[in-house]
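Number of protein chains: 2
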Amino acid sequence: MKTRKFVLSEKEMPEHWYNITASMTNKPLPPLHPGTLQPIGPEALAPLFPMELIKQEVTSEKWVEIPDEVRDLYAIWRPTPLYRAYELEKVLDTPAKIYYKYEGVSPAGSHKPNTAIPQAYYNKQEGVKRITTETGAGQWGSALSFACQHFGIECEVYMVKVSYDSKPYRKLMMNTWGAKVHSSPTNHTQAGRSILDMDPNSPGSLGIAISEAIERAASDEHTKYALGSVLNHVLLHQTIVGQEAVKQMEMAGDMPDIVVAPFGGGSNFAGISFPFLRLNLEEGKHIRCIAAEPASCPKLTRGVFRYDFGDTVGMTPLLPMYTLGHNFVPAPIHAGGLRYHGAGVIVSQLLKDKLIEARSHDQLECFQAGVLFAKAEGIIPAPEASHAIATVIQEAIAAKISGESKTILFNLCGHGHFDMQSYEDYFANKLVKHEVTAEDIADSLSKLTTPEIA
Amino acid sequence: MKTRKFVLSEKEMPEHWYNITASMTNKPLPPLHPGTLQPIGPEALAPLFPMELIKQEVTSEKWVEIPDEVRDLYAIWRPTPLYRAYELEKVLDTPAKIYYKYEGVSPAGSHKPNTAIPQAYYNKQEGVKRITTETGAGQWGSALSFACQHFGIECEVYMVKVSYDSKPYRKLMMNTWGAKVHSSPTNHTQAGRSILDMDPNSPGSLGIAISEAIERAASDEHTKYALGSVLNHVLLHQTIVGQEAVKQMEMAGDMPDIVVAPFGGGSNFAGISFPFLRLNLEEGKHIRCIAAEPASCPKLTRGVFRYDFGDTVGMTPLLPMYTLGHNFVPAPIHAGGLRYHGAGVIVSQLLKDKLIEARSHDQLECFQAGVLFAKAEGIIPAPEASHAIATVIQEAIAAKISGESKTILFNLCGHGHFDMQSYEDYFANKLVKHEVTAEDIADSLSKLTTPEIA
């Protein structure tokens, strides 16, 4: 009988996270202070993050040990299974061998707890009483609620109003794990009040929610802030995904030619691809790593590489990133986790150096891919995950045309159980393409006054 | 580091289902023809079920081989993990060791695909083109949709109208897997039309939906019917759960003193408990097996053991069962999977012979237990599963009081991702106790004209 799943025991769980910057020839450029335009040091982040996470943000060590307490909690759902997608291969009639790593087995239903658990852990170590964060689609807010619950830390989530209203079950999931969830903008913060003054019916945005969460953390010494993607330490934590996958591909007696993951801020993609990229950087392998982003928010494929703010209102340091401009407003696609204007610093440098690839997909193509996958393999994917599936299908068809038997691995980062409304909209033909025009992008970029990169 | 999950490889998946009737001294009484009151033979079931399933329904063999094709599809999610619930133990401050088998990892989110896959397989073997079924909460309809999709069989689900209206995402899940879902009563069947004639706004019931599904199957030679619990072959298929659990408890170097499962028609409970009961029946062990049922539908704890119909409108053979009467209408609790008036034949005989125990819980106690579990262990349980958790908590507290270190195992049969509305209602204090009065039960039973059992 063929093997569908490659499963590791808890004892085989990796003991270190992998820091790819140690293997990169061109290191990422430093973040800049928006006033002085000088590189900022770790101390600038101290009001928002515990020191151990700041150390991880700037570390040059290649391997960062995962604390036993974190590995113990990872064991609630990790190691996650790696599947051979026999049924999808059959439907696509492709000579390609397709594998996927399934992160939807976590209690929150996605890869996000991989960083929520260590972030909550380090905050707890340093006596933090409360963590604030923002959430759009709700995956990250759920994960942090779950993690904080375990460590007895209060969790306060600023959830973008449109999501708060349209995704009541995600909110309820956070409540079940004991988190307070606010519909953002609120009137608890200066940032929120200033928005509501201008527009009492504001639908909110991720940028506003970030501002509210940061303001709240900065104004209380017992409160810190947590981010679910983009930053180096977040990407670092996610590398447990790819490290497990390397072992599991070895169990399968195979090695990918192509690794694919959805792309929002970068942690999903980094998580699965960096441990394979290490084999390229250090052992001369040639594994193609492809980031799959939405056509409605195409920072990697159509953005520019320059300094920009990480948030919409300009409260963060300037980061060297592929960006559409921090004022870019992506269309309201259902893959809320991918609606972010920029790409994390490390991933941006890798793309600049042509060490990774990027591709964009329209949401209709993604839902078509997601339904095809659900029918074949059973698991109903989150809309974010369907972006990777769309890329995989293209590559599998290319393999069929060329007659080559490629091995493709992708990150099935989460299930779609809390996204069924989006499937309903898709089946009811309510979804439209959201292509961005060249004018939209040029317009957004023309407003940037942040430093360009030579 | 302690081990949280005990995981089997696909190669270690059991190769046989276990038929407990082969180990029972008192065999279950035969089903009777409602007209003649004579035992019916297997041929009476031929219009509804494929012959291989009918053979399994009446087999006296102890071990029934699982076809390779079925084991191959089981491998999409099986073997499922067995967890040690360290966090729950900590919260309860109990000397008891608590383990749970987690069936929510299946694509449909519950244990139901364990029988949906083989039922679809045997139907396919015999050339069946379409399968009809009913569904209440939607777990069974989802599982069968998923299974039929794999075998290219059309699936037609009659979903109780109140569920159809209140659980749109369950319906959508079935649609995603290609099933047709009807809001029952429909006007496609005689049974449905007769109900609508009397009450055009009928909210439907499981009994009506069963009648519609059976009528449709009986009137078309290419169409068969499938049931998700109660029948012997369904219980048989679920024993893979307990057989894996026996192996996993051995891996953990432990053996349960108590095994607990939710009880609707019996397949959930049978699945995990029968392989442990085998150790009692054949090897002189004394493992207590407890069925946890809703206080609003207490057939095991407050029903009578007599012949009754399996459906509400009286289309099935008479079955020897613990029953509240086939006209009993359970309160609209959220654990829709447990709202069934009777208990399967095998389980009823075991209870009659005091080889198993039963206990009932009010829904408020169950939600309290479910939220406690979700906070401790992360996984949000289905309302059905919370009934088992309520029993486990009672036993864990009893162990604390007596100071004994009991080992408790329960079946966490599914996640609650499609039941978040019920959690919302619970948090909003919208749920009430639904105790059944002695008068209600006496009234329902007084209407029975079916044969009593000496």
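As they're listed, the protein sequences go chains A and B.
Each residue of the first sequence is one higher than the one before, counting from 1 in the working numbering.
Each residue of the second sequence is one higher than the one before, counting from 455 in the working numbering.
Don't be surprised by glycine CBs; every beta carbon is placed ideally from N, CA and C.
Can you name the residues of chain A whose CB is closer than 9 Å to the CB of residue i?
i	result
residue 679/B	Those do not exist, as residue 679/B stays about 23 Å from chain A at its closest Cβ, beyond 9 Å.
residue 529/B	1, 2, 3, 4 and 5
Taking C-beta pairs closer than 8 Å, name the residues in chain B that residue i reaches, listed in chain order.
i	result
residue 172/A	874, 877, 878 and 881
residue 146/A	832
residue 168/A	874 and 878
From the options, pick the residue whose C-alpha is nearest to that of residue i; which is it?
i	options	result
residue 667/B	692/B, 638/B, 690/B and 649/B	638/B
residue 255/A	341/A, 410/A, 238/A and 239/A	410/A
residue 488/B	903/B, 615/B and 636/B	903/B
residue 457/B	499/B, 553/B, 547/B and 482/B	553/B
residue 208/A	251/A, 316/A and 171/A	316/A
residue 205/A	424/A, 25/A, 330/A and 427/A	330/A
residue 577/B	647/B, 675/B, 560/B and 856/B	675/B
residue 702/B	684/B, 729/B, 716/B and 724/B	729/B
residue 511/B	673/B, 462/B, 573/B and 455/B	573/B
residue 779/B	514/B, 787/B and 795/B	795/B
residue 481/B	560/B, 883/B, 881/B and 686/B	686/B
residue 905/B	461/B, 467/B and 493/B	493/B
Going along the chain, which residues of its own chain have a beta-carbon closer than 7 Å to the beta-carbon of residue i, five neighbours each way excluded?
i	result
residue 650/B	639, 641 and 656
residue 352/A	305
residue 327/A	312, 444 and 447
residue 827/B	542, 835 and 843
residue 860/B	550, 711, 712, 849 and 853
residue 631/B	599, 600 and 603
residue 121/A	67, 69, 70 and 151
residue 736/B	477
For residue i, collect the residues of the same chain with a Cβ closer than 6 Å to its Cβ; drop the 5 residues on either side in sequence, then sort them by chain order.
i	result
residue 790/B	590 and 591
residue 621/B	592
residue 597/B	562, 566, 567 and 570
residue 804/B	810
residue 635/B	611, 613, 625 and 628
residue 309/A	316 and 326
Just the chain B side, please: which residues come within less than 7 Å of residue i by C-beta, in chain order?
i	result
residue 9/A	461
residue 107/A	832 and 833
List the residues of chain A whose Cβ lies closer than 8 Å to the Cβ of residue i, in chain order.
i	result
residue 825/B	176
residue 433/B	Nothing about residue 433/B can be read from this structure; chain B reaches only from 455 to 908.
residue 526/B	1, 2 and 4
How would you list, in chain order, the residues of chain A whose beta-carbon sits under 7 Å from the beta-carbon of residue i?
i	result
residue 829/B	149, 177 and 178
residue 871/B	417 and 418
Just to confirm, are residue i and residue j a CB contact at a threshold of 7 Å?
i	j	result
residue 5/A	residue 79/A	no
residue 845/B	residue 793/B	no
residue 50/A	residue 134/A	no
residue 469/B	residue 529/B	no
residue 169/A	residue 874/B	yes
residue 776/B	residue 750/B	no
residue 774/B	residue 507/B	no
residue 453/A	residue 302/A	no
residue 280/A	residue 272/A	no
residue 611/B	residue 628/B	yes
residue 526/B	residue 1/A	yes
residue 486/B	residue 772/B	yes
residue 403/A	residue 386/A	no
Tell me which same chain residues have a C-beta within less than 8 Å of the C-beta of residue i, skipping the five on either side of it?
i	result
residue 833/B	556, 558, 827, 866 and 869
residue 544/B	830
residue 643/B	665, 666, 669 and 670
residue 62/A	18, 19, 22 and 23
residue 278/A	18, 20 and 23
Validate contact between the segment 351-368 of chain A and the segment 420-434 of chain A using beta carbons, cut 8 Å, 3 pairs = yes
Hey, is the segment 513-525 of chain B in contact with the segment 844-859 of chain B, meaning 3+ C-beta pairs nearer than 8 Å?
-> no
Report yes or no: do the segment 743-753 of chain B and the segment 717-730 of chain B share at least 3 C-beta pairs separated by less than 8 Å?
-> yes
Given 8 Å, three or more beta-carbon pairs between the segment 107-119 of chain A and the segment 222-233 of chain A = yes
Counting pairs of Cβ atoms below 8 Å between the segment 688-703 of chain B and the segment 470-485 of chain B, do you hit three or more?
-> yes
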